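A.B. asks: In my numbering, each number is its position in the sequence shown, counted from 1, plus 68.
Every residue, glycine too, gets a C-beta built ideally from N, C-alpha and C.
Everything numeric in this text was worked out from a predicted model, so none of it was measured.
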Amino acid sequence: MNPEIKPQNSSSNHKGLEMYFSPEIAEKFAELEQNEKNFKVARIVDAILVQETADIKVPIYSAELGGGAHPDRYDGFFSKLLSEHGHMDWVDISPLMLELAKKYISNEKYENRKDAITFIKSDILGYLRGLENEKLNIAVMKYTIDHINDLDALFEALSAKLAQGGKLIATIGSTSPELRSYSTNARFLYNGEQFPDNETRTLKDGDNFTAKFFKVSGDPDGGYLEGAETLKYFHSTEKIKQLAGSFGFDFFLGDWKDFVAQENQKNETMDQDVLVLTKSKRIRDHGPK
Ligand SMILES: C[S@@+](CC[C@H](N)C(=O)[O-])C[C@H]1O[C@@H](n2cnc3c(N)ncnc32)[C@H](O)[C@@H]1O
Numbered sequence: 069m070n071p072e073i074k075p076q077n078s079s080s081n082h083k084g085l086e087m088y089f090s091p092e093i094a095e096k097f098a099e100l101e102q103n104e105k106n107f108k109v110a111r112i113v114d115a116i117l118v119q120e121t122a123d124i125k126v127p128i129y130s131a132e133l134g135g136g137a138h139p140d141r142y143d144g145f146f147s148k149l150l151s152e153h154g155h156m157d158w159v160d161i162s163p164l165m166l167e168l169a170k171k172y173i174s175n176e177k178y179e180n181r182k183d184a185i186t187f188i189k190s191d192i193l194g195y196l197r198g199l200e201n202e203k204l205n206i207a208v209m210k211y212t213i214d215h216i217n218d219l220d221a222l223f224e225a226l227s228a229k230l231a232q233g234g235k236l237i238a239t240i241g242s243t244s245p246e247l248r249s250y251s252t253n254a255r256f257l258y259n260g261e262q263f264p265d266n267e268t269r270t271l272k273d274g275d276n277f278t279a280k281f282f283k284v285s286g287d288p289d290g291g292y293l294e295g296a297e298t299l300k301y302f303h304s305t306e307k308i309k310q311l312a313g314s315f316g317f318d319f320f321l322g323d324w325k326d327f328v329a330q331e332n333q334k335n336e337t338m339d340q341d342v343l344v345l346t347k348s349k350r351i352r353d354h355g356p357k
C-alpha cells in the first residue's frame, strides 16, 4: 500500500451505511448489482474515462471513491492503466465491500487488475486529505456522491488533491429535486419520514432521503429486505454549479450523451446524468459559471 495514505478508522462513522457492514446484505447487494443497468452505467463511466484521459500525461494516478464491490468493470480504462503503468486506489469505508471487490476480480479474466489496484479501507474525505496535493489525475464516484453530506468539503479536498487538468467523473442519481415515494427497487423516506404513494416531496439542499430496498424488485407490498437501507443527501444542480465555480473547476452536468463523442457511445442509448469536473488553471475567486 502507498505509504503516504493513512486509512481512517471507519468503525464509528458509517451512519446510514450499515447495509455495507452487514455480511449478508453486502453480499446480496453486490449480487444485485450484476444487472444490465448497472453494467451499462459502468460502460458509460468507462467511455467518459477513456475520452477524458486521452490527453493526460501517463502514468495516470486514479481513485475510485466509494468503490464498492465491482472492479470487474471499466474494461477500457483498466486496459489503459495496465498498459501504461497507471494506478487506481480502490477506496471504500466498508471492509466487506473491499473483500467482495477482491473476490470479483479473483479470476483469470480480471486478475491482472490487482497489479494496478490498491484497496484502501477509508472514508472518502479522509483518504483525499491524506493524499499528497495534486496527486490525482482522476477520481471516480459511481453511485456514491449522494452518500456525501458535506459537498463543500468534498469539492475543497478535490481541488487540493487533483492535479491541474485532473478530473472527477461522477454519476448523479437525479438532477430533479422531486422525490417519488418509491421506485422499482426501493421506497424513499423524506428526511426519515415515509409519505403517501401518490405524493412527491421537493428536496432542498441539506435534505436527506433514505432508500429502503424491497425484498422483491418491483413488489412494494412484498416487504423490505431486512437491514437493506441507505441514507443519501440531496445536492441541487445550483449548489453543484456554485461549488464548481468557486473551487475553480470547469464542469459538465447533464446527460452523458451530450458529453461523450458520438463515435465513442458504442450504440448505448440509456440516459444517465453525470458530473465531470476538470481542475482548470482558474483560481478560487472566480464565481460560478
Ligand atoms: C451505492 S454503493 C456504489 C459502489 C460502486 N461505486 C458501484 O458503482 O458499484 C456505495 C459504496 O460507497 C461506499 N461509501 C459510502 N460512503 C462512503 C464514504 N464516506 N467513504 C468511503 N466509502 C463510502 C459504501 O461502502 C459502498 O460500497
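Short of 6 Å in beta carbon distance, which residues of its chain neighbour K83, apart from the five on each side in sequence? Order them along the chain.
C.D. replies: None.
A.B. asks: Considering only DSSP beta bridges, list what W158 is partnered with.
C.D. replies: For W158, which the question treats as bridged, DSSP gives the partners E132 and F187.
A.B. asks: Could I get the ranges of all uninterrupted beta strand (DSSP E) runs contained in the stretch 304-344, with 3 residues as the minimum, in chain order?
C.D. replies: DSSP runs (the beta strand (DSSP E)) wholly in the stretch 304-344: 317-323.
A.B. asks: So, helix, strand or coil for F282, using DSSP?
C.D. replies: Three-state result, F282: strand.
A.B. asks: Under 6 Å: does the beta carbon of M87 sit that close to some heavy atom of ligand 1?
C.D. replies: Checking every heavy atom of ligand 1 against the Cβ of M87, none is found closer than 6 Å.
A.B. asks: Tell me, to the nearest whole angstrom, how far the beta carbon of L117 is from that of I237; I am working on the premise that it is less than 8 Å.
C.D. replies: Contact flag correct, Cβ pair sits at about 6 Å.
A.B. asks: What are the start and end residues of the beta strand (DSSP E) that includes S233?
C.D. replies: The question names Ser, yet the displayed sequence has Gly at residue 233. First-last of the beta strand (DSSP E) with G233: L230 to T239.
A.B. asks: Starting from L199, follow the beta strand (DSSP E) in both directions and report where the run begins and ends.
C.D. replies: Taken as a continuous stretch (DSSP letters only), L199 belongs to no beta strand (DSSP E), as it is neither H nor E.
A.B. asks: Just to confirm, is the Cβ distance from A207 to L311 under 7 Å?
C.D. replies: No, they are not a contact pair.
A.B. asks: In whole angstroms, give me the CA-to-CA distance for P356 and K307.
C.D. replies: The predicted position of P356 is uncertain, since its pLDDT is 42 and thus under 50; a value taken from the coordinates is nonetheless stated next. Cα to Cα, the separation comes out at about 10 Å.
A.B. asks: Three-state secondary structure (DSSP) at A137?
C.D. replies: Note: A137 maps to coil in three-state DSSP.
A.B. asks: If the criterion is Cβ atoms closer than 7 Å, does the pair N205 and I93 meet it?
C.D. replies: Cβ atoms of N205 and I93: not closer than 7 Å.
A.B. asks: Does the separation of the CB atoms of K235 and E120 fall below 7 Å?
C.D. replies: Yes, the Cβ-Cβ distance between K235 and E120 is below 7 Å.
A.B. asks: Can we count T278 as close to ligand 1, meaning its CB is less than 6 Å from some heavy atom?
C.D. replies: T278: no, Cβ never under 6 Å from ligand 1.
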